[in-house]
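> So the sequence shown is residues 74 to 246, counted in our numbering.
Note that beta-carbon positions come from the ideal geometry of N, C-alpha and C, so glycine has one too.
Right, I'll just put the structure down here and ask away after.
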Amino acid sequence: MATIVPLSAVDPKMIDQLLDAAFGIERRARTAYRIRHGAPVLDGVSFAALDEDEYLAGSIQLWPVALLDPAGRPHPMIMVGPVAVAPGYQGQGYGKALMAASLGALEAGFDDGAPPLPQVMIGDPDYYRRWDFTARHTGGWTCPGSFDPDRLLVRTGNPAILPTEGILGPWPR
Ligand SMILES: CC(C)(COP(=O)(O)OP(=O)(O)OC[C@H]1O[C@@H](n2cnc3c(N)ncnc32)[C@H](O)[C@@H]1OP(=O)(O)O)[C@@H](O)C(=O)NCCC(=O)NCCS
């Protein structure tokens, strides 16, 4: 089963190779990369998964981003992803373990009981709906690049605070 370690425990070059294997080398041109361009990865909530022999099987990275509303106000959010599991390891629970680690760390990070910021991602709704990610509230949102609206997903305990319109980009800008 997966051993989850902080992302910073793994050589960044190995993470790059994993992401190339999971998404292809053209991944850097994706809109998700533009949304978080220049933002620092969030160390305490980003993880890697190792197999029994300590080979790298998967990774998850979270980033500070913001939705800029039509009045020019930035609403801070956390971008989840890429979530990547190496081809030989897919379907064995690594993705679910990585998601549980990051979402658990986000929720544990607020010991005063305050809820975490809304989490946003571009991903497969069939996979991510098990953690309550949904495109229901993102219909008026845009991105700095092309995207499939059905795959622009958000997760929050309080959808009422989400702006109905805006464009996603890095935080800080
Ligand atoms: C998508 C991904 C992160 C899932 O991780 P994983 O370790 O393979 O998946 P897990 O073993 O944790 O989860 C398996 C479960 O997810 C389901 N599942 C896996 N990929 C799915 C997908 N793309 N859509 C819907 N369900 C999916 C499986 O049917 C299984 O369901 P079950 O728990 O009901 O049996 C991984 O396969 C991956 O990195 N793929 C390459 C990149 C990619 O295609 N990403 C697309 C999403 S951004």
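Distance, Cα to Cα, residue 173 vs residue 144?
Looking at the two C-alpha atoms, the distance is approximately 35 Å.
> With a Cβ-Cβ cutoff of 9 Å, do residue 218 and residue 104 count as a contact?
Against a cut-off of 9 Å, the Cβ pair of residue 104 and residue 218 comes out as a contact.
> Using beta-carbon positions only, say whether residue 236 and residue 212 come within less than 9 Å of one another.
Contact flag unset, no.
> Thinking just about the alpha-carbon of each residue, which of 228, 92, 165, 120 is nearest to the one in residue 204?
Residue 204 has its Cα closest to that of 228, out of 228, 92, 165, 120.
> Let me check you understand the geometry: is the CB of residue 199 closer than 8 Å to at least one non-hydrogen atom of ligand 1?
Yes; taking the cut-off as 8 Å, the Cβ of residue 199 has a heavy atom of ligand 1 nearer than that.
> Considering only heavy atoms of ligand 1, does any lie closer than 8 Å to the CB of residue 162?
The answer is yes for residue 162.
> On a Cα-Cα basis, can you pick out the residue from 106, 127, 92 that is closest to residue 159?
Comparing Cα positions, the closest option is 92.
> Please confirm whether residue 239 and residue 148 have their CB atoms less than 9 Å apart.
Their beta carbons are under 9 Å apart, which means residue 239 touches residue 148 by this criterion.
> Distance check for residue 242 and residue 220, CA to CA, integer angstroms please.
Distance between the alpha carbons of residue 220 and residue 242 is about 14 Å.
> Quick one: what does DSSP say residue 219 is sitting in, helix, strand or coil?
The answer is coil: DSSP assigns residue 219 none of H, G, I, E or B.
> Look at the alpha carbon of residue 86 and the alpha carbon of residue 80, and state the distance between them as a whole number of angstroms.
When rounded, the distance between both Cα atoms is 12 Å.
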